[in-house]
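In the working numbering, the protein residues as written are 118 to 422.
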């Protein structure tokens, strides 16, 4: 039986939820809908067959930014930039990073022509120390890695760029003999003026991290995001090793998993977010990587209002 008291209580709860939803939407910048990016690893099976044709399909969906993941189609920087311009897209970040050595500055000059603002040195960030079968990392070895990234960042700064650090799950595995994780060390030891954290939100969520707490503890550090979704996160236990967590996760198009992107995008200003790109590592397994990229794009549009 519905009483006046229960009716008012239910109405009040409904109003509270509605107000919370409005508050979240008020913090989401409507212009973000016009800068949705795609990590090209999502469509890597198609790029090898027809790079330009695949970019055309990506642009047709509505994507405005891309992140190269495998190669630059054997093109010179000016050619690659012309192809991007042809489809009205840009590549502010890349995972086809530079290689360390005497021609580093020449490579960065090429990236500058392509419009790239964030890059990495091939090799990636270190993994954790407690993983089964992995190479043990120590706090000191991760500090040395951070120092090297800072040095590369000094070089990149000459070209108006920053180095980026991208994560999977192993960066959240405690180092040998303690509770400190590689990610903690990298955050503490890298210079924000030279190095941007590219937070793979999907993998960090799989790793058991509270994304909003990360933003609160390290405001402004997460300039770049990988927008990835997964199922199975809620079934994971604190005892699971990071490698086991990564194997257990089922990657899905954005909006079909368990990551609360509405709340995460509402905290984007605190995070310092500047660029974000959708990524689904297993998109080809869904039968059509372009179709999967389209579903993710359309679902993210709904999140962004």
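Quick reminder that beta carbons are idealized off the backbone N, C-alpha and C, glycines included.
- Please name the residue or residues paired with residue 420 in a DSSP beta bridge. Counting from one through the chain shown, the residue named residue 420 turns up at place 303. Per DSSP, none; premise fails for residue 420.
- Message: Assuming contact is defined by CB atoms lying nearer than 8 angstroms, are residue 341 and residue 153 in contact in what I supplied?
- Response: Numbered from its first residue, the chain shown carries residue 341 at position 224. Numbered from its first residue, the chain shown carries residue 153 at position 36. No, the Cβ-Cβ distance between residue 341 and residue 153 is not below 8 angstroms.
- Message: Could you check whether residue 358 and residue 290 sit closer than 8 angstroms to each other, using their CB atoms as the reference points?
- Response: Reading the chain shown from its first residue, position 173 is the one you call residue 290. Reading the chain shown from its first residue, position 241 is the one you call residue 358. For residue 290 and residue 358, yes; Cβs fall inside 8 angstroms.
- Item | Closest residue to residue 396 among 158, 148 and 151 (Cα-Cα distance) | Position 279 of the chain shown, counted from the first residue, corresponds to residue 396. Closest by alpha carbon: 158.
- Taking three-plus beta-carbon pairs below 8 angstroms as touching, is the stretch 354–368 in contact with the stretch 171–184? no
- Chain-order list of residues whose beta-carbon lies under 7 angstroms from that of residue 270 (same chain, five-residue window excluded): Position 153 of the chain shown, counting from 1, holds the residue named residue 270. Around residue 270: 279, 280, 308, 311 and 312.
- When burial is assigned at 16 or more other CB atoms within 10 Å of the CB, is residue 419 buried or exposed? Translated into the one-based positions of the chain shown, residue 419 becomes position 302. Residue 419 should be labelled exposed.
- Message: Suppose the cutoff is 6 angstroms on Cβ atoms and the five residues either side in sequence are ignored; what does the same chain contact list for residue 381 look like?
- Response: The residue labelled residue 381 in the question sits at position 264 within the chain shown. So the list reads 328, once near-sequence residues are dropped.
- Would you mind working out which of 151, 145, 375 and 167 sits nearest residue 407, comparing C-alpha positions? For the purposes of this step, residue 407 is identified with residue 290 of the chain shown, where counting begins at 1. Of the listed residues, the one whose Cα sits closest to residue 407 is 167.
- Leaving aside the five residues before and after residue 387 along the sequence, list all residues of the same chain whose C-beta is less than 6 angstroms from its C-beta, in chain order. Counting from 1 along the chain shown, the entry for residue 387 is found at position 270. Within the same chain, and ignoring the five residues on either side of residue 387 in sequence, the residues whose Cβ sits closer than 6 angstroms to its Cβ are 332 and 336.
- Message: I need the DSSP call for residue 346, collapsed to helix, strand or coil.
- Response: Position 229 of the chain shown, counted from the first residue, corresponds to residue 346. Note: residue 346 maps to strand in three-state DSSP.
- Item | Distance between residue 204 and residue 346 (C-alpha atoms, nearest Å) | Within the chain shown, numbered from 1, the residue matching residue 346 stands at position 229. Within the chain shown, numbered from 1, the residue matching residue 204 stands at position 87. Each residue's Cα considered, the two are about 27 angstroms apart.
- Outcome for residue 506 when other beta-carbon atoms lying within 10 angstroms are tallied against a minimum of 16: The chain is shown only over 118 to 422; residue 506 falls outside these bounds and no answer can be derived.
- Proximal residues to residue 316 (C-beta, below 6 angstroms), its chain only, five neighbours per side dropped: Counting from 1 along the chain shown, the entry for residue 316 is found at position 199. Same-chain partners within the cutoff: 339 and 342.
- Query: Could you give the distance in angstroms between the alpha-carbon of residue 235 and the alpha-carbon of residue 211?
  - Reply: Residue 235 sits at position 118 when you count from the first residue of the chain shown. Residue 211 sits at position 94 when you count from the first residue of the chain shown. Rounded to whole angstroms, residue 235 to residue 211 spans 7 angstroms at the Cα level.
- Message: Could you check whether the Cβ of residue 293 sits closer than 8 angstroms to any Cβ belonging to chain B?
- Response: Checking the listed chains, one finds no chain B in this structure; it contains a single protein chain.
- Tell me which same chain residues have a C-beta within less than 6 angstroms of the C-beta of residue 214, skipping the five on either side of it? Here the question's residue 214 lines up with position 97 in the chain shown. Cβ neighbours of residue 214 beyond the five flanking positions: 236, 237, 238 and 239.
- Task: For residue 370, I'd like the list of residues in its chain whose CB is within less than 7 angstroms of its CB, leaving aside the five on either flank, ordered along the chain.
- Result: For the purposes of this step, residue 370 is taken as residue 253 along the chain shown, with counting starting at 1. Closer than 7 angstroms at the Cβ level, and outside the excluded window around residue 370, lie 346, 397, 409, 412, 413 and 416.
- Nearest neighbour of residue 259, chosen from 399, 303 and 233 [CA to CA]: Here residue 259 is taken as the residue at index 142 of the chain shown, counted from 1. Nearest option by C-alpha distance: 303.
- Item | Host beta strand (DSSP E) of residue 328 (start-end) | As a first step, residue 328 is located in the chain shown; it is residue number 211 there, counting from the start. That residue, residue 328, is in no beta strand (DSSP E); its alpha helix (DSSP H) goes 328–334.
- Message: Tell me the rounded alpha-carbon separation between residue 162 and residue 404.
- Response: Within the chain shown, the letter at position 45 stands for residue 162. Within the chain shown, the letter at position 287 stands for residue 404. Rounded to whole angstroms, residue 162 to residue 404 spans 11 angstroms at the Cα level.
- Query: Bridge partners of residue 393, per DSSP?
  - Reply: The residue given as residue 393 occupies position 276 in the chain shown. The partner list for residue 393 (beta bridge, DSSP) reads 342.
- Let me know if residue 324 comes out buried or exposed under the rule of 16 or more other beta-carbons within 10 Å of its beta-carbon. To locate residue 324, count along the chain shown from 1; it is residue 207. That one is buried.
- Task: Ignore the nearest five residues each way along the sequence and tell me which others in residue 256's own chain have a CB closer than 8 angstroms to its CB.
- Result: Numbered from 1 along the chain shown, position 139 holds the residue referred to as residue 256. The residues are 292, 295, 297 and 302.
- Task: Check whether the Cβ atoms of residue 145 and residue 180 sit closer than 8 angstroms, and answer yes or no.
- Result: For the purposes of this step, residue 145 is taken as residue 28 along the chain shown, with counting starting at 1. For the purposes of this step, residue 180 is taken as residue 63 along the chain shown, with counting starting at 1. Not in contact: residue 145 and residue 180 (Cβ atoms no closer than 8 angstroms).
- Query: Grouping DSSP H, G and I as helix and E and B as strand, with all else coil, what is residue 153?
  - Reply: Taking the first residue of the chain shown as position 1, residue 153 is located at position 36. Residue 153: coil per DSSP, three-state reduction.
- Task: Since I believe residue 199 is in contact with residue 182 (beta carbons under 8 angstroms), could you give me their beta-carbon distance rounded to a whole number of angstroms?
- Result: Within the chain shown, the letter at position 65 stands for residue 182. Within the chain shown, the letter at position 82 stands for residue 199. Incorrect: roughly 17 angstroms between the Cβ atoms, too far for contact.
- Item | Reference residue 285; option with closest CA among 299, 192, 228 and 391 | As a position in the chain shown, residue 285 is number 168, starting the count at 1. Among 299, 192, 228 and 391, the Cα nearest to that of residue 285 is on 299.
- Item | Nearest candidate by alpha-carbon position, reference residue 393, set 373, 350 and 319 | In the chain shown, counting from the first residue as 1, residue 393 sits at position 276. Comparing Cα positions, the closest option is 319.
- DSSP-derived helix/strand/coil call for residue 313: To locate residue 313, count along the chain shown from 1; it is residue 196. In the structure shown, residue 313 sits in a strand (DSSP, three-state: E or B).
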